[in-house]
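Peer 1:
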Amino acid sequence: MIIDCPRETAVPAHIQVQVRLFWCLHVVLKTTFFAYEGWSVETTQLSKFKNVYVLIDSNEGNGTKMRKLVHAGMVLLLILAMFGCTSTKDKPVPTEESHKVDVIPESPPASADPTDPADSEAEIPVLPLKEYVELPAKHYVEAIEALSDSELRVKLTDMQTDIETNRSYWALIDMNTKTITKTDDIVEEMPPGHWEVESPTGKWIAEWDMNTPGIWGIATDTGDKTQWTDSDGDRNPLWLSDGSGFYYLHSTGVNLGDGAGFEATLAYYDIATRKSTVLSYEKGFWGGLRWLVPDVSIVATNGFDDVIGLKIIHLPEGTEKQIIDTSNLDYLDYAIHKEAGQLLITDYGKFAWYDCKGDIANLLEWPVELDESTRKNPNYVEGGNPYEQPFYESGVNGGRVGPHGLQFSPDGKHLSYLLGAIGESIDDKVPGVKMVISHVDGTDPALVLDDYVRMDRDYVWSPSSKRIFIAFSTDEARERTYIGRISVE
C-alpha cells in the first residue's frame with residue numbers, strides 16, 4: 411500500500427496547514443494501527459516532490475478495537491478538514507493565471523505637473539535623433555522660441571480634457587537637463603481682429619482693428635493714444651528702421667466682393683508731420699507687407715482665394731514686379747535672406763533667388779538622390795502639371811512631396827528646409843519629412859535626420875546658428891510629441 415503526501419500545494423498557507431495536519435495525524439493513526447496489527451513502516455524519498463511510505467505486512471492479527479478507534483479518529487479528521495475547507499469558500503484558491511495582473515499606466519490628470527513624462531511605462535519608440543525631450547501626454551506645441559543652444563521657451567496647449575477646458579501656458583525647456591518648467595498660464599491673448607506693431611525705437615506702438623477705422627498710435631511712455639489714419643480698412647504698418655514713419659496698406663473704400671475686403675494700395679505715414687501720402691502703385695487686393703531690404707524693398711502678397719501672388723516693390727525707383735501669380739498652392743513656399751537682401755522661392759522642381767528689384771539672381775533644381783524617397787521622376791516635365799508629373803517618384807500616384815519650410819540661419823550661412831510629404835494625406839508614400847541643411851545658396855544639401863518624422867509646427871534656429879529645434883511625432887506613436895535638438899556644427 412502506498413500513501414502519497416505532496417510537499418507543496420497551490421493553496422493558501424492556512425489551508426496548507428490544515429492539510430498537512432490531516433495527513434500527519436492520518437499517518438500517525440495509520441502507523442499505530444498497522445503497528446498494532448503487525449505491519450512495519452519504511453519511509454523512502456521517491457523524488458524531491460513526494461515522500462512515499464511503504465507498508466510491509468509482517469504478520470496478521472485481530473485488532474478490532476484498535477481498528478474502530480482508528481476509523482473513528484480518521485472520520486473526525488475528515489470532518490475537521492472539510493470544515494476548514496468550507497470555512498474558506500469565500501477565499502478562491504489562487505492559480506497561476508490569477509497571479510497575472512495587467513498593469514495599465516495612469517494618464518496624468520489635467521492638473522499634472524508638466525515635468526511628468528507622457529507615459530513612463532510605455533515602450534519608447536526608436537527616434538531619428540539622440541537629443542530630445544518628451545512632452546507630457548496630450549500636450550501640443552503652439553510656438554517655439556530658442557533662447558540659447560540649450561534652452562527654449564515653448565507655448566504648450568494641454569488637451570487632456572474636453573476642448574472647452576483646454577489650457578495654454580508657457581514653459582521653459584532645458585535640453586541639457588531634459589527638464590520642462592512651467593512659467594505662466596496664458597490667461598488672455600490679443601482679441602481676434604486686433605493687431606499691434608512696436609516701432610524699432612520702442613517709442614510707439616501702431617495699432618489697428620477690424621472694427622475701428624484707421625491706424626492708431628500709442629506712446630509707450632505715457633500710454634496716450636492718437637489716431638494717425640482714418641480710412642476704414644487701413645492696415646499692416648511696416649516701420650522704417652529709424653521709427654520716423656511707416657508704409658501701410660491704404661483702403662480706397664471700394665469693396666472687392668467675394669470676401670476679399672476693400673481695395674487697397676500702398677501709402678506712407680510720417681510721424682513728425684502726421685501726414686499720409688498715397689503712393690502710385692497698383693490698386694487691388696493686397697494681402698500683407700514684409701521688408702526684403704529695410705527702407706528699400708518690400709515683398710507684398712497679392713493673391714486671393716485659390717491664387718498666390720508675390721511682388722517686389724523697389725521704393726527708390728518706384729517699381730513693382732510680379733514674380734509669382736499661381737494657383738499651384740501646394741508646392742510654393744518662400745523665405746527672405748536679410749543679409750543678402752534676396753527672396754528665395756521654391757516652386758515645383760526648382761529654387762529661385764530674386765534680388766531687391768525682383769530680378770532673378772540664381773536658379774537651382776530641387777535636390778535628388780538624398781535617399782530612396784528623393785529619386786527624380788523620369789517623366790517629370792519642367793513647367794508641366796505637378797499633380798500628373800510630380801518631380802519625385804515618391805509623388806507619383808501619392809501625396810505631395812517636395813521642399814518646404816524654408817529658413818535661413820541667423821548668421822546667414824546656411825539654408826534649411828523640410829523635404830518629404832507636404833501636409834498629410836492617406837495617399838502619402840513618404841511617412842513625413844526629413845530635414846535638409848545646405849550652404850546658403852542651396853548647394854551641398856545633406857539630410858540631418860536618420861528617419862522621417864511628422865512635424866506640425868515650424869522649427870527654429872538657435873541664436874548662435876549652431877542648433878535647430880523641432881517639435882515632432884512619429885507614425886509609431888502619434889500621441890506623443892517631442893522637442894528635438896539638431897547640431898549643425
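In the working numbering, the protein residues as written are 411 to 899.
Even glycine gets a Cβ: it sits at the ideal position worked out from N, Cα and C.
For Glu608, which residues of its own chain have a beta-carbon under 7 Å away from its beta-carbon, when the five flanking residues on both sides are left out?
Peer 2: Here residue 608 is taken as the residue at index 198 of the sequence shown, counted from 1. Taken in chain order, the residues that qualify are Ile615.
Peer 1: Are the region 815-824 and the region 786-804 touching by the rule of at least three beta carbon pairs closer than 8 Å?
Peer 2: no
Peer 1: How many angstroms separate the CA atom of Tyr550 from the CA atom of Glu792?
Peer 2: Counted from its first residue, the sequence shown places residue 550 at position 140. Counted from its first residue, the sequence shown places residue 792 at position 382. Cα-Cα distance, rounded: 39 Å.
Peer 1: Mark Met585 as exposed unless 16 or more other C-beta atoms lie within 10 angstroms of its C-beta, in which case mark it buried.
Peer 2: Locating residue 585 in the sequence shown gives position 175, counting from the first residue. It is buried - the Cβ of Met585 has at least 16 other Cβ atoms within 10 Å.
Peer 1: Kindly indicate which three-state DSSP category Thr683 falls into: helix, strand or coil?
Peer 2: To locate residue 683, count along the sequence shown from 1; it is residue 273. Coil at Thr683, not helix or strand.
Peer 1: Compare the Cα-Cα distances from Gly719 to each of Pro704, Trp605, Tyr744 and report the closest residue.
Peer 2: As a working mapping, residue 719 is identified with position 309 in the sequence shown. Comparing Cα positions, the closest option is Tyr744.
Peer 1: If I measure Cβ to Cβ from Asp568 and keep anything under 6 Å in the same chain, skipping five residues before and after, which residues do I get?
Peer 2: On the sequence shown, residue 568 is found 158 positions in, with the first residue counted as 1. For Asp568, where only same-chain residues beyond five positions count, the Cβ hits under 6 Å are His549, Arg577.
Peer 1: Pairs of beta-carbons, one from the region 698-707 and one from the region 759-772, closer than 8 Å: are there three or more?
Peer 2: yes
Peer 1: Considering only DSSP beta bridges, list what Asp619 is partnered with.
Peer 2: Reading the sequence shown from its first residue, position 209 is the one you call residue 619. His604, Thr622.
Peer 1: Ignoring anything shorter than 3 residues or poking outside the region 759-821, list the beta strand (DSSP E) runs there in chain order.
Peer 2: 760-764, 770-775, 811-818
Peer 1: In angstroms, rounded to a whole number, what distance separates the CA positions of Arg645 and Leu537?
Peer 2: Within the sequence shown, the letter at position 235 stands for residue 645. Within the sequence shown, the letter at position 127 stands for residue 537. The alpha-carbon of Arg645 is positioned some 45 Å away from that of Leu537.
Peer 1: Would you list the one or two residues that DSSP bridges to Phe695?
Peer 2: In the sequence shown, counting from the first residue as 1, residue 695 sits at position 285. Paired residues: none, contrary to the question.
Peer 1: Could you check the C-alpha separation between Asp735 and Gly852 for me, to the nearest Å?
Peer 2: In the sequence shown, the residue the question calls residue 735 occupies position 325. In the sequence shown, the residue the question calls residue 852 occupies position 442. When rounded, the distance between both Cα atoms is 24 Å.
Peer 1: Find the nearest neighbour of Ser835 within the set Phe801, Ser897, Asp740, judged by alpha-carbon distance.
Peer 2: Numbered from its first residue, the sequence shown carries residue 835 at position 425. The residue with the shortest Cα to Cα distance from Ser835 is Asp740.
Peer 1: State the DSSP-derived secondary structure class of Tyr741, mapped to helix, strand or coil.
Peer 2: The residue you call residue 741 lines up with position 331 of the sequence shown. In the structure shown, Tyr741 adopts coil according to DSSP, grouped into three states.
Peer 1: To the nearest angstrom, report how far apart Tyr797 and Asn738 are at their CA atoms.
Peer 2: Taking the first residue of the sequence shown as 1, we reach residue 797 at position 387. Taking the first residue of the sequence shown as 1, we reach residue 738 at position 328. Rounded to the nearest angstrom, the two C-alpha atoms are 10 Å apart.
Peer 1: Quick check on Gln752: buried or exposed, where buried means 16 or more other Cβ atoms within 10 Å of its Cβ?
Peer 2: Locating residue 752 in the sequence shown gives position 342, where the first residue counts as 1. Classification for Gln752: buried.
Peer 1: State the DSSP-derived secondary structure class of Ser707, mapped to helix, strand or coil.
Peer 2: Residue 707 sits at position 297 when you count from the first residue of the sequence shown. Three-state result, Ser707: strand.
Peer 1: Ignore the nearest five residues each way along the sequence and tell me which others in Ala556's own chain have a CB closer than 7 Å to its CB.
Peer 2: The count along the sequence shown starts at 1 and reaches residue 556 at position 146. Excluding positions up to five away in sequence, the list reads Leu562, Val870, Trp871, Ser872, Pro873, Phe879.
Peer 1: Excluding the 5 residues preceding and the 5 following Gly694 in the sequence, name in chain order all residues of the same chain whose CB lies nearer than 7 Å to its CB.
Peer 2: As a first step, residue 694 is located in the sequence shown; it is residue number 284 there, counting from the start. Excluding positions up to five away in sequence, the list reads Glu673, Asn712.
Peer 1: Hey, out of Ile733, Val858, Val863, Ser875, whose CA is closest to Ile832's CA?
Peer 2: Reading the sequence shown from its first residue, position 422 is the one you call residue 832. When only C-alpha atoms are compared, the closest one is Val863.
Peer 1: What separation, rounded to the nearest whole angstrom, lies between the Cα atoms of Tyr691 and Val706?
Peer 2: Translated into the one-based positions of the sequence shown, residue 691 becomes position 281. Translated into the one-based positions of the sequence shown, residue 706 becomes position 296. Going by the C-alpha atoms only, they are around 15 Å apart.
Peer 1: Compute the Euclidean distance between the alpha carbons of Tyr679 and Ala670, then round it to the nearest angstrom.
Peer 2: Counted from its first residue, the sequence shown places residue 679 at position 269. Counted from its first residue, the sequence shown places residue 670 at position 260. For Tyr679 and Ala670, the distance between alpha carbons rounds to 24 Å.
Peer 1: Could you say which of Glu541, Leu539, Lys540, Leu545 lies nearest to Thr891 if we only look at CA atoms?
Peer 2: The residue given as residue 891 occupies position 481 in the sequence shown. Comparing Cα-Cα distances from Thr891 to each of Glu541, Leu539, Lys540, Leu545, the minimum goes to Leu545.
Peer 1: What would DSSP say about Gln732, mapped onto helix, strand or coil?
Peer 2: Walking along the sequence shown from the start, residue 732 turns up at place 322. Note: Gln732 maps to strand in three-state DSSP.
Peer 1: Closest to Asp595 by CA distance: which of Lys565, Asp619, Pro623 is it?
Peer 2: Within the sequence shown, the letter at position 185 stands for residue 595. For Asp595, the nearest C-alpha among the options comes from Lys565.
Peer 1: Kindly indicate which residue of Glu782, Val778, Ile755 has the alpha-carbon position closest to the one of Ala771.
Peer 2: Here residue 771 refers to the residue found at position 361 when the sequence shown is read from its first residue. If we check each option's Cα against that of Ala771, Ile755 comes out closest.
Peer 1: Counting C-beta neighbours from all protein chains within 10 Å, is the total for Gly809 16 or more, i.e. buried, or is it exposed?
Peer 2: As a working mapping, residue 809 is identified with position 399 in the sequence shown. The residue is buried, with at least 16 neighbouring Cβ atoms inside 10 Å.
Peer 1: Measure the C-alpha to C-alpha separation of Asp652 and Pro610 and round it to an integer number of angstroms.
Peer 2: Translated into positions along the sequence shown, residue 652 becomes position 242. Translated into positions along the sequence shown, residue 610 becomes position 200. Near 7 Å, if we compare the C-alpha coordinates of Pro610 and Asp652.
Peer 1: So who's on the other strand from Asp838, going by DSSP bridges?
Peer 2: Position 428 of the sequence shown holds residue 838. Asp838 is not bridged to any residue.
Peer 1: Can you give me the Cβ contacts of Pro726 inside the same chain, cut-off strictly under 7 Å, excluding the 5 residues immediately before and after it?
Peer 2: In the sequence shown, the residue the question calls residue 726 occupies position 316. If we look at Pro726 and ignore the five residues flanking it on each side, its Cβ neighbours are Val706.
Peer 1: Which residues does DSSP pair with Asp568 in a beta bridge?
Peer 2: Residue 568 sits at position 158 when you count from the first residue of the sequence shown. In the DSSP output, where bridge partners are listed per residue, Asp568 has His549, Arg577.
Peer 1: Once you ignore the five residues that flank Glu749 on each side, which residues in its own chain have a CB closer than 6 Å to its CB?
Peer 2: For the purposes of this step, residue 749 is taken as residue 339 along the sequence shown, with counting starting at 1. Within the same chain, Glu749 has close Cβ partners Gly822.
Peer 1: For Met845, does the count of other Cβ atoms within 10 angstroms reach 16, so buried, or fall short, so exposed?
Peer 2: The count along the sequence shown starts at 1 and reaches residue 845 at position 435. So Met845 ends up on the buried side.
Peer 1: Should Met620 go down as buried or exposed, given a rule of 16 or more other Cβ atoms within 10 Å for buried?
Peer 2: As a position in the sequence shown, residue 620 is number 210, starting the count at 1. With fewer than 16 other Cβ atoms within 10 Å, it is exposed.
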